[in-house]
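A.B. asks: In the working numbering, the protein residues as written are 1 to 433. This is the structure, below, for whatever I ask next.
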């Protein structure tokens, strides 16, 4: 339903003549965008305006632009057209099933729900739900949806779509316009509560229902939800990382700056992944085969996808963005005088650095994850085996210290970065010496 509200807003403020214009927005870079420290941009491509996306295997993305279901590559080039609808509709969502075989999509013009075959191609209507808005998988067999079947300013509802029978079952009734939803790594359902009209500053919040409430088919209401996070001016999308437990939300009005905020599993805000002067929507976490979680300064292993839409341009433009964590990098090199120097970069600023060292047989060990506070660190060693701090990174997250040990080619080194309390918050990639 929020999609319809946005379209109405854009139409209401469309220029009536050449002398009536929206205020100019900052230029939009198509090939680059900024991320917060600990993350790096890895992909950006323009897609048809108002599209919705879902990452697929093999660095591909499924795009539903309201008429076509297209598979695109990392640079935005068309790889394959899976299906074409008879006429344009306004897309609500598209999600890829955990099996990677089928995608499910919704649109709010004719209220159709579709199943898309990602191998054979083709889109089959599997249901109808008025003003469907967002969806997430409760399991491999069930899709949860938010919608507003009654229309405008009359609340919203949650439904479950049985993926075998395509039966729709109401799961809850909620106040406000339809909101985004996501399932956490421990099975809780998160929902972005919306206002019926333009929200007041700080009015919106994220609610949570337990895995037990979902399993027991408890009717979901505002009264039996708990507050996960609150105080948002706008809340267009939510995503959760199944590997690391962090939650991400696009917060801020679509007529002003938007931030992608990061929260731990308890709803405590940790920081920001990226910010934009445009409207941000359609957050999706992509979990890859590498071991890292979607948290700052991690090994690569999870990516965050989203869409930025420029309502100021004529016509409107949308961009698919992708970011992932960037891990601190360490190396041993010779300086100008021939001395061996241990250098590190890409680390958190002003952190204390300790290290662990082992002989070569341990260099083949697989890194494991250790929980430290609200985050994960990946290491070949036990955190307890690290030395006392040997140095401190500067304001750019860099350091350089003399490395007195002679080169043997038989050791592996890993750096540990600690905050002011001594908690390990990141590790470098292992370094062979």
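Just so you know, even glycine gets a beta-carbon here, dropped at the ideal spot from N, CA and C. Nothing here was measured: the structure is a model prediction, and the numbers come from that model.
What does DSSP give as the partner residue(s) for residue 227 in the beta ladder?
C.D. replies: 207
A.B. asks: Leaving aside the five residues before and after residue 375 along the sequence, list all residues of the same chain whose C-beta is less than 6 Å from its C-beta, in chain order.
C.D. replies: 295
A.B. asks: If you count every other CB in all the chains shown that lies within 10 Å of the CB of residue 110, and 16 or more means buried, which is it?
C.D. replies: exposed
A.B. asks: Could you tell me the boundaries of the beta strand (DSSP E) in which residue 359 lies?
C.D. replies: 352-359
A.B. asks: Grab me the residues of residue 114's own chain with a C-beta within less than 6 Å of its C-beta, minus the 5 sequence neighbours each way, in chain order.
C.D. replies: 105, 123, 125
A.B. asks: Quick one: using the 10 Å Cβ neighbour count with 16 as the cut-off for buried, is residue 305 buried or exposed?
C.D. replies: buried
A.B. asks: Report the start-end ranges of each beta strand (DSSP E) in the segment 91-133 that is 3 residues or longer and not cut off at the edges.
C.D. replies: 91-96, 102-107, 112-117, 123-128
A.B. asks: Let me check one thing: in DSSP terms, what residues is residue 162 bridge-paired to?
C.D. replies: 142
A.B. asks: Sort 217, 419, 430 by Cα distance to residue 411 and report the nearest one.
C.D. replies: Each of 217, 419, 430 was checked against the Cα of residue 411, and the nearest Cα belongs to 430.
A.B. asks: What do you get for residue 101, buried or exposed, if any count of 16 or more other CB atoms within 10 angstroms of its CB means buried?
C.D. replies: exposed
A.B. asks: Going by C-alpha to C-alpha distance, which of 61, 230, 79, 171 sits closest to residue 162?
C.D. replies: 171
A.B. asks: Could you give the residue range of the beta strand (DSSP E) that holds residue 282?
C.D. replies: 279-287
A.B. asks: In terms of alpha-carbon separation, which member of 371, 204, 80 lies closest to residue 194?
C.D. replies: The candidate whose alpha carbon is nearest that of residue 194 is 204.
A.B. asks: Residue 107: buried (16+ other C-beta within 10 angstroms of its C-beta) or exposed?
C.D. replies: Burial call: buried.
A.B. asks: Going by the beta-carbon positions, is the gap between residue 146 and residue 179 smaller than 7 Å?
C.D. replies: yes
A.B. asks: Mapping DSSP to helix, strand and coil, what is residue 44?
C.D. replies: Three-state DSSP puts residue 44 in a strand.
A.B. asks: Determine, using beta carbons only, whether residue 321 and residue 310 come nearer to each other than 7 Å.
C.D. replies: The Cβ atoms of residue 321 and residue 310 do not sit closer than 7 Å to each other.
A.B. asks: Return the residue from the list 388, 426, 338 that minimises the CA-CA distance to residue 406.
C.D. replies: Out of 388, 426, 338, 338 has the C-alpha closest to the C-alpha of residue 406.
A.B. asks: Quick one: residues in its chain with C-beta nearer than 7 Å to the C-beta of residue 286, no 5 flanking neighbours on either side, listed in chain order?
C.D. replies: Hits under 7 Å: 55, 302, 303, 305.
A.B. asks: Does any residue of chain D bring its CB to less than 7 Å from the CB of residue 353?
C.D. replies: Among the protein chains of the structure shown there is no chain D, as only one such chain exists.
A.B. asks: Indicate whether the contact test is met: 3 or more Cβ pairs, each with one atom in the segment 263-277 and one in the segment 72-83, closer than 8 Å.
C.D. replies: No, they do not touch.
A.B. asks: Measuring straight from C-alpha to C-alpha, what distance separates residue 408 and residue 386?
C.D. replies: 21 Å
A.B. asks: For residue 333, which residues of its own chain have a beta-carbon under 8 Å away from its beta-carbon, when the five flanking residues on both sides are left out?
C.D. replies: 340, 341, 343
A.B. asks: Is it the case that the segment 277-284 contacts the segment 237-253, given that we only count it when at least three CB pairs across the two stretches are under 8 Å?
C.D. replies: Short answer: they touch.
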